[in-house]
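Chains as they are written, first to last, in the numbering used here: chain A, 310 to 566; chain B, 310 to 566; chain C, 310 to 566; chain D, 310 to 566; chain E, 310 to 566; chain F, 310 to 566.
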């Protein structure tokens, strides 16, 4: 049990020993969502991917992984298809904020000095930020831990993008259910992907604004904003390596490990 | 993929098909916590057990299982050792309430008419209740689904208690990390239990009141309120059967399935 | 005026003198509700009983009694008949929490170092706990008072239970409007009890779960969960003595008075 | 019991009968505070007076009186001496608002169509208003009851003021602990007034603004903003008659009773 | 740019220099509303007037003016005609409180030690007070700035009232859209007043209580509570001088400038 | 007065007439912030620009402009330099959300059917979205207006970017205080720009993550994320035309005007 990096699988005594190590390991908090990802991938994609990549990065640098936040913010049409779709569970800002705030508060109580939120659901970012900010205000300058907040796709390098999207990169927002997510799932959780169910539709043609209530006709019938047909485990491996090594280096660089 | 009862492992299209079945399957929401459970069990015990038992009950009656709530209320000394212990993550009432409220709201938007919260962390109960109540107030009488709320240990029968605790039953609250939880873990997740690490201490001698700030000396040094030494997979099987069949019968009885 | 233990009947100068005594008297905060208690008892039972027993315990040990919290959490079907009944006033969790938090904050500002919440409404307990916890977090470790939280029926001894319920004790939850509450009212507020209006119905046969919206048919038509017919002032006296002395001893024991 | 106007002293069955009468009786909700009122009056003045006057008005017009709100907003220096004083319990806006909102929601659920908040603590008014407004927004136009909000001193007529304050009326705000409140207490609760403890100080000389943190030197050492020495039960009777009849007439006038 | 007193028109470097001056200038925060003011004045009256008078007072005493709060509390019938009227934007208590709390928090972070809220919308006062109080609680005694809260009309002297209202002063509450506001607008923003559109109706005859839902017939059809016909720029000048000098003197008097 | 598009400068009667027109004009709500923008531009840049561009777009298409939201979310280091800087006023998520929610609620009460939020502060977007979503949930499907949410810089076309940034476009986030904002200010508010105070520093070299507490050394000493030296009124005109026409066309296209 003791070599596991995910603290939810550690017992409390082992967790305390790990935290007492010098230098203290950073704790990575994956943040996902339960959200429709088309007919070919499960609702849990965002929590699965953020957790797995956080664990892999943690293994490389001797870090730990804390509880995964599964309660993602509402799916927005221009990045997740929209929260009108059945299968997406959209949590209010206040809830996402409150959970992240609590995690910082509790980890600080445990003695953690370095925390990293690893976001895997586009819509979450600002609410994670607010949760962290509120926690630090509450904790006060003197006792504040150092907290990094990142979204995993930002660590895909330009080179990888050029290699994987030879016809031009459509942007991370319309990647919902597309080549990147599907490839990463094929790499890590192939048994949860049904490539024969991919709906090969043109990418969503979305306006420069959000509209509420949503105009459902703007989301492709697949619920995906671009087609995952070109996905492959090979691409997933390239993406994953770019992401995991990028996150790992950012953490060690920042924290001087 | 399609025979899975846990919707986080289903794709959205399959989930929609399942919801469209007649009669519509109830959706069970496991509610756990991330909490210390002594030196012999992982922090995730409550979410693991509530999820597994919900899945088993769902399989028996053709129900579905929704996202597990992992953000449990603060560990209280008389039922979980206290939230001063490193390893426990205590969420505020507002957060637990907000999550449960959202789940009812979102499942209702999905068209679900029968929801069952399966609680696996003693401290959560009243906050689940409040979340459900607020959701139903917001939804209005006309569209309200029917929601059951239960804690799994309430379904252990008197007969099973008499059989497993021949020397007298100490009550569910001091069961934290004790024979029941350890036995259930041995039955379902034996690889996550280290029986050789059980600290065989006398049961906690707790007062008739809560004290805040906690007096740490009142919690045994194991963090468990009673010893898990007498636990076994056999006992786990007996307990599990009592619980799973009790929950299954309650649901079918209530919902006329 | 000056020998009164209830500070709402003291003037501020006397209150300040009392607080300045050495050792400082603990302050007991009764917590009740406004809730239907059948046709034979008034809506105010829970606030009346918690206040009176807090005052009697305070008199024995030289403590004070603070403002009674009258805004109880929603009546739940398995402990109070359900909040669908006309006559019950169910406050949201946030309100009950906020009031208890404020009382701890304000008493701490007054200089109080020992506070005891004396709960008289089953449903309140977790929300009192949360209010106290939030107050202590806000106040900080250095200035935190010591706070006890208890429900009065937990102090009825096994001996008294055996004596008063010779045919077996049904549990405190179904005691709503039953022998215990009615007997205590007969002891303390006989003019507010109409024994000729008791509806002698069988105890409620409630399931192992809560159901929302409530199934009204599960609550007896009296609104009481068991019959109060066997109540008497004599039983009330025995119960009261057990409770008041138990609370008094717990406080002096804990606070070394 | 049945002729009592205060529903906290009625049983639920009687309460329901009363509510079923035609025309339905309005329900008056007294709103007070727990606040220092100098050395000669108890902390409970505001809840005592608002409750008593509401009951007297209710008796005249066949109305009912609901639960007294005891959790008043923070004492402000220019109307209550300031919330820095020991003995005052200042509740946050959110709490006062939440309680009033709940009372409107619950009374509406009970079937009440006319509600009157009778305020007895200067600082409360805007928060009662907000609570009512939020409740009505939530309830919706179709089901909204009619709600009056008033402060009792506004019903003292010009004639009575001229009679009782022959040397000029200082304004209701500096009346805190002064002639009006003391006289009303002498009329209704003489046993809770100690006229020999009145501190006969000049009225507070307060600026045209509030200052926070409070400058304690601006509040007279009595905690009262003017002297209660000229108070008498006779004056109390005159004031009370003016107030109670004014409130009663306003209610019957508005509701066409 | 640098002689401007309004910091929203200063660059950050100049703002920092100003704050570094000794003695540090107080910062005045105007608080207004967007609210109907009859057919002859714009919705922005309250924010325009509070901002202008704060700026004029600031110029006299070397103070600064911070961002204007435009999100006023709901218009109430007895002081603003009622929030049922189209054109008024009524913000909830929580929002007004939150904004004022933030301003105190942020100004304190900037190093400001003296803050003055200059209210121009009757309904706001208690919510500004609460926002300030919550901010100071959060900041703690040690770092708390000194905060004044005032409403501008309280600084009109008795002499000015006698001069401008020779037939008797109706009270500030019914001044909504009347002689005072119209005269001040004529003095400061004559191009935004259309005197030919004044509806010369008798003053509102309002009861001694608020009624919710509002009885619209109680508000004059102009939306003003008294007629602005007698308004003039001359009166505006007299009022303005009384107010601006009164505010300026109160600030310098309090802060010993 | 009547040709003005900004309703805060309209009287209520004119506002009501405008709303009654067929087809009803959309209402544009500018959303800005009070935030440092270096030594050469005032704190009010974001509210000034969003308001002006909303007004210009409204003039072209016969729309109205509602109250400007000035209470922007906290400045973040990677888009605004960070909220540790003196001069920035960072409002909590809850406040920004509450204000936007209220505006939708109140405009809907006024009868508005089409609302457009025109964001001018990068950090605000998700909180505007949440405010709108909460308002629509509260209002209900039947009465929901149609709401567009946009950020103005998204309407700068690829052609304009290529023309104005011949050496490559650094991205909107690091545009804080740079060429775009400075040019737009020069076009609209030249008297509030001091080009001689521009600090010509290299663009900020920011990591792929946020760090809290902020590492102040990552923000250039100007507080701007890139240099505004290359700004000009000509560029401002080109940008403005691209933005204003883009917004105008999006609105007319969406609403079929």
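Each residue gets a CB set at the ideal place from its N, CA and C atoms; glycine is no exception.
Would residue i count as contacting chain C if we go by Cβ distances under 7 Å?
i, result
"residue 408/B", "no"
Please compile the residues from chain F whose C-beta is within a distance smaller than 9 Å of the C-beta of residue i.
i, result
"residue 383/A", "438, 439 and 442"
"residue 456/A", "519, 520, 521 and 522"
Quick check on residue i: does DSSP put it in helix, strand or coil?
i, result
"residue 569/F", "Given that chain F is displayed from residue 310 to residue 566, the structure contains no residue 569/F and the question cannot be resolved."
"residue 476/D", "coil"
"residue 460/B", "strand"
"residue 339/C", "strand"
"residue 324/C", "helix"
"residue 507/D", "coil"
"residue 455/B", "strand"
"residue 405/D", "helix"
"residue 398/A", "coil"
"residue 313/A", "coil"
I want to see whether chain D comes within less than 7 Å of residue i, judged by CB atoms only; does it?
i, result
"residue 471/C", "no"
"residue 400/C", "yes"
"residue 489/E", "no"
Are residue i and residue j close, meaning C-beta to C-beta below 7 Å?
i, j, result
"residue 460/F", "residue 434/F", "yes"
"residue 464/E", "residue 560/E", "no"
"residue 391/E", "residue 523/E", "yes"
"residue 337/B", "residue 413/B", "no"
"residue 358/C", "residue 334/C", "no"
"residue 379/E", "residue 407/F", "no"
"residue 427/D", "residue 339/D", "yes"
"residue 437/C", "residue 409/C", "yes"
"residue 457/D", "residue 517/E", "no"
"residue 454/E", "residue 417/E", "yes"
"residue 492/A", "residue 541/A", "yes"
"residue 443/D", "residue 544/D", "no"
Measuring only between beta-carbons, confirm whether residue i sits less than 7 Å from chain E.
i, result
"residue 419/F", "yes"
Residues of chain A with CB under 8 Å from residue i, in chain order?
i, result
"residue 325/B", "395 and 396"
Using a C-beta to C-beta distance shorter than 9 Å, which residues of chain C count as neighbours of residue i?
i, result
"residue 352/D", "316, 317, 318, 319, 320, 321, 324 and 376"
For a contact defined as C-beta to C-beta under 7 Å, what are the partners of residue i on chain D?
i, result
"residue 516/E", "559"
Going along chain D in order, which residues have a C-beta closer than 9 Å to the C-beta of residue i?
i, result
"residue 453/E", "521 and 522"
Against chain A, does residue i count as a neighbour if the rule is that its beta carbon must be under 7 Å from one of theirs?
i, result
"residue 463/F", "yes"
"residue 432/B", "no"
Using 6 Å as the cut-off, classify the Cβ of residue i as near or not near the heavy atoms of the ligand SAH, replying yes or no.
i, result
"residue 354/F", "Because no ligand of any kind appears in the structure shown, any question about the ligand SAH cannot be addressed here."
Under 7 Å between beta-carbons, which chain B residues line up against residue i? List them in chain order, please.
i, result
"residue 459/C", "517 and 518"
Show which residues of chain F have a CB atom less than 7 Å away from the CB atom of residue i.
i, result
"residue 345/E", "321"
Does the count of Cβ pairs from the stretch 520–532 of chain A and the stretch 492–510 of chain A closer than 8 Å reach three?
-> Taking a cut-off of 8 Å for Cβ pairs, the stretch 520–532 of chain A and the stretch 492–510 of chain A touch, as three or more such pairs fall below it.
If you pair each beta-carbon of the stretch 334–349 of chain C with each one of the stretch 476–483 of chain C, do three or more pairs fall below 8 Å?
-> In the pairwise beta carbon analysis, the stretch 334–349 of chain C is classified as not touching the stretch 476–483 of chain C: fewer than three pairs are separated by under 8 Å.
Would you be able to state if there are at least three C-beta pairs under 8 Å between the stretch 346–354 of chain B and the stretch 362–375 of chain B?
-> These segments do not touch.
Any contact of the stretch 529–548 of chain F with the stretch 483–502 of chain F, i.e. 3+ C-beta pairs under 8 Å?
-> The stretch 529–548 of chain F is in contact with the stretch 483–502 of chain F.
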